[in-house]
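See structure below.
In my numbering, the protein residues as written are 34 to 102.
Following this line, the structure appears as structure tokens:
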């Protein structure tokens with residue numbers, strides 16, 4: 034886990050294993066997996082109001098939201 038996740042949950046070390054199989058919601062790495070998956074599902078199901086055409090641009094926007102670019 035990134036340090037910021039451990040700090041957010043006031044834990045020394047959180048790691049995946051028998052007691053932790055679901056990622057913590059504050060894990061910044063989820064934005065790269067969850068947001069695109071939800072966007073693709075919305076597009077495929079027809080509920081997306083603005084389908085994403087430029088996935089690289091979308092990825093950069095997600096990174097900017099985290100202050101990574």
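Here a beta-carbon is modelled for each residue, glycine too, at the ideal position from N, C-alpha and C.
Excluding residues up to 5 positions away in sequence, 95 lie with their Cβ nearer than 7 Å to the Cβ of residue 68 in the same chain. With respect to the C-alpha of residue 60, the residue from 98, 93, 37 and 92 having the closest C-alpha is 37.
DSSP places residue 85 outside both helix and strand once states are collapsed to three, so it counts as coil.
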